[in-house]
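A short worksheet on the structure shown next.
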Amino acid sequence: MPSTQDWINSPLGVVEEKFAAAQDSPSPGWEKAVVEFFKEQLKEKSAQSLVPSLNDVPLHYLKPNSLVKFRCFIQDMFDPEFYMGAYEAVDGATHSKMLRCGKYRDVTECGVDFNSKNNVTAERQTFYCVPIPGENSWVKDGYADSSQARVVASTSYAPSRQKRSYEEDDDMDTQPQKQPHAGLQGPTEMQSNGDCKRQETEAPPTQAAPASHLDLNFPLPGERGPACLVKVYEDWESFKLNDTLEVFGILSVSPALSALAEEKDASSSFLDPAEGMETAEEQRVHSPPASLVPRLHVLHVKPLQHNNPLLPHAISDDNGAFLSSTLAEMPSVRAELLAYFTHVLLGDGLAAEFLLLHLISSVYSRRDVLPLGKFALNLCGCPAASYTERLYQILQQLVPCSWYLAMSLQNMNQTRLRPRKDYTANRLVSGSLQLAQNTSLFLDETQLEPGQLDTTGVHNVTALGNVISWQKVDYDFNYHQMEFPCNINVLIASEGRSLLPSDCQIHLESQVAPAHLEEYLSGIQVLPQTSSQLNRFRIYLSVARLLDYSISDQVTKYVEDDFVEMRKDDPQSVSAEDLHRMLVTARLLCLSLGQNHLSRDGWLRAKRMEMLRRSRMEQHQSVNGNEP
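Numbering (the UniProt record's numbering), first residue to last: 1 to 628.
Below you can see the structure in the form of structure tokens.
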């Protein structure tokens with residue numbers, strides 16, 4: 001049995017051992033034996049923490065052909081490719097032949113006998129993966145701090161300065177091409193004051209120059225980190241575009257890949273386009289330099305139920321002790337979080353209740369075209385842009401992934417929200433709405449200004465409306481649109497009624513006198529990154545979102561009867577849409593208390609909240625003459 005360092009540092013040794021054993025005995029299942037071996041080794045979280053991560057460790061610190069992991073997002077899916085799964089190699093000196101394994105490699109050895117009948121051609125799928133879009137710094141720091149991997153620089157140079165994180169290094173090779181509208185990403189993310197393991201030293205002198213011409217195709221502007229070609233050998237049909245994964249695989253950064261790409265690029269000018277060969281642009285996209293976009297040959301994959309480093313990988317019976325203790329604390333944590341939100345929302349306790357429910361909402365099912373569980377919130381009556389920016393900074397300390405979009409006229413007319421297909425390069429060009437599930441999207445309408453939306457702006461507003469109403473994003477394939485389902489939490493902050501639809505609208509009633517507003521805003525503190533209370537809030541919001549939920553037949557009958565009585569009292573003011581909103585509110589109320597089923601008390605409490613909200617909106621309508 002190889003030691004831990006053996007299978008991490010030299011995973012190909014394990015592969016070759018299993019392959020050789022299969023040649024000695026007629027056992028065709030060596031590929032399955034390899035997968036099972038690494039699955040067994042990586043069963044424990046302690047073993048996983050020993051594997052270095054591409055998210056935390058700069059590429060030049062990682063040993064080629066070693067086992068690494070990558071927490072990533074499938075941004076694009078390339079066509080399947082063929083490779084030599086097994087081939088016969090000829091020794092140049094002795095002319096003896098030996099069957100070699102080509103699996104989990106990009107380049108075969110020299111001396112291949114291409115005429116051998118023992119050669120085996122196999123197929124694999126390539127995904128273009130990037131770091132999870134909008135992942136907040138506390139998440140990255142949390143995963144990095146839990147790592148026990150020991151890595152050293154793969155070159156012999158001596159660092160001349162303190163290590164810095166990916167986010168802090170402006171000169172890193174994987175920095176995406178500068179966007180013309182970099183200001184669209186919104187407020188600067190709050191940085192941690194603690195020590196951070198996501199560090200790197202100065203690039204070695206031999207490292208390639210920054211490839212500013214290479215667009216790494218990150219969905220959000222200003223994103224940094226590694227992009228990777230992930231090569232999957234088993235069950236690739238189970239993966240979908242926009243899935244989030246943690247991938248364990250063999251790192252391939254062979255310089256031969258870049259040399260082959262250059263040869264193909266040089267010969268492309270002599271190709272007849274009618275023959276259907278790859279264009280030069282397609283070659284650059286599908287075969288980028290391995291020093292900038294490494295290859296990762298997958299041995300084990302974990303689909304991510306969430307990306308909160310404070311939680312176990314899966315919230316299930318396997319983690320019963322964690323789940324039980326968390327559920328027991330949820331009512332008290334809810335009270336603390338509600339008090340904090342009330343303070344942040346200028347003393348408005350009702351708005352704080354709805355904000356909390358919004359943050360734990362998630363699409364749990366789809367009935368025909370209707371997504372169930374979504375709870376897009378329009379927080380209107382926000383006092384100023386400085387307040388909304390501050391509010392976003394607070395929320396991004398609580399949720400794993402978020403993105404801020406200031407809805408100024410320039411941004412709406414110039415931002416690319418919808419992904420589109422580039423047929424010349426045969427790739428999906430990302431848009432800012434290509435996001436992971438449960439990403440919090442903060443739309444700041446306080447930045448609106450008079451002016452005219454152009455064609456792009458109209459398409460962008462339509463795209464945002466489709467995300468809110470139907471939880472889908474229209475991808476532009478030039479000749480047609482293709483709908484992709486999403487699960488994005490949308491919070492709209494506005495001064496008046498939003499121009500976008502929403503599931504719930506609440507007018508913010510400030511308890512702070514206008515003369516003291518600036519002083520109050522300056523006193524709203526973001527909780528320290530290392531505070532235990534902040535971590536309790538983060539755990540609470542993630543767990544509440546992941547809990548199962550059900551309604552018994554008895555409670556269903558009670559709700560139906562109660563709704564009929566409500567309609568008798570005032571049939572004009574209570575509609576089926578109101579019933580749906582109250583049911584969603586009741587569901588989220590129960591989940592926020594750690595309850596996985598609807599109770600009569602939960603239903604009555606949701607009714608009271610909805611009545612208070614409607615009364616406030618009607619009062620605001622009568623004062624301002626606006627629709628509720």
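Glycine included, every Cβ here is placed at the ideal spot set by N, Cα and C. Owing to the predicted nature of the structure, the values given are computational and were not obtained by experimental measurement.
- When DSSP states are grouped into helix, strand and coil, residue 332 belongs to the helix group.
- The three-state secondary structure of residue 407, taken from DSSP, is coil.
- For residue 95, there is no enclosing beta strand (DSSP E), as DSSP marks it with neither H nor E.
- Per DSSP, reduced to three states, the secondary structure at residue 308 is coil, with no helix or strand assignment.
- According to the DSSP assignment, residue 299 belongs to the beta strand (DSSP E) that extends over 295 to 303.
- Taking all protein chains shown into account, residue 408 has 16 or more neighbouring C-beta atoms within 10 Å of its C-beta and is therefore buried.
- Assignment of residue 400 by DSSP, reduced to helix, strand and coil, places it in the coil class.
- With distances taken between CA atoms, residue 450 lies nearest to 410 out of 365, 410, 7 and 290.
- Taking all protein chains in view, the Cβ of residue 556 is surrounded by fewer than 16 other Cβ atoms within 10 Å, so the residue is classified as exposed.
- Residue 68 carries a strand assignment under DSSP once its states are collapsed to helix, strand and coil.
- Between the alpha carbons of residue 551 and residue 364 lies a gap of roughly 14 Å.
- Per DSSP, residue 218 has no beta bridge partner at all.
- DSSP, read as helix, strand or coil, puts residue 150 in coil.
- Inter-residue distance for residue 117 and residue 41 is about 35 Å (C-alpha atoms, whole angstroms).
- Given a length threshold of 4 residues, each whole run of the alpha helix (DSSP H) inside the segment 525 to 573 is given here in chain order: 532 to 546 and 553 to 569.
- Take residue 534, set aside five residues on each side of it, and the residues of its chain with a beta-carbon closer than 6 Å to its own are 527, in chain order.
- Counting C-beta pairs closer than 8 Å gives fewer than three between the segment 91 to 110 and the segment 130 to 145, which falls short of the contact rule.
- By the criterion of a C-beta distance shorter than 6 Å, residue 38 is surrounded in its chain by 299 and 300, once the five residues flanking it on both sides are discounted.
- Around residue 48, the same chain offers 42 as residues with beta carbons nearer than 6 Å, after the five sequence neighbours per side are excluded.
- Between residue 442 and residue 387, the gap from beta carbon to beta carbon reaches 7 Å or more.
- A distance of 7 Å or more separates the beta carbons of residue 126 and residue 82.
- For residue 456, the enclosing alpha helix (DSSP H) begins and ends at 455 to 470.
- Residue 478 and residue 401 have their C-alpha atoms roughly 30 Å apart.
- Of the candidates 55, 599 and 285, 285 places its Cα closest to the Cα of residue 425.
- Excluding sequence positions up to five before and after residue 76, its CB lies within less than 6 Å of the CB of 128, 427 and 428, all in the same chain and listed in chain order.
- In the DSSP assignment, residue 228 is bridged to 129.
- Taking a cut-off of 8 Å for Cβ pairs, the segment 482 to 495 and the segment 593 to 610 do not touch, as fewer than three such pairs fall below it.
- Excluding five sequence positions before and after residue 601, none of the CB atoms of its chain fall closer than 6 Å to its own CB.
- In the three-state reduction of the DSSP assignment, residue 480 falls in the coil class, being assigned neither a helical nor a strand state.
- With 16 or more other Cβ atoms from the protein chains shown falling within 10 Å of its own Cβ, residue 101 counts as buried.
- Following the DSSP letters along the chain, one finds residue 588 inside the alpha helix (DSSP H) bounded by residues 576 to 592.
- For the segment 352 to 438, the continuous beta strand (DSSP E) assignments of 3+ residues that do not extend past its boundaries occur at 365 to 367, 370 to 372, 377 to 380, 402 to 406, 420 to 422 and 427 to 429, in sequence order.
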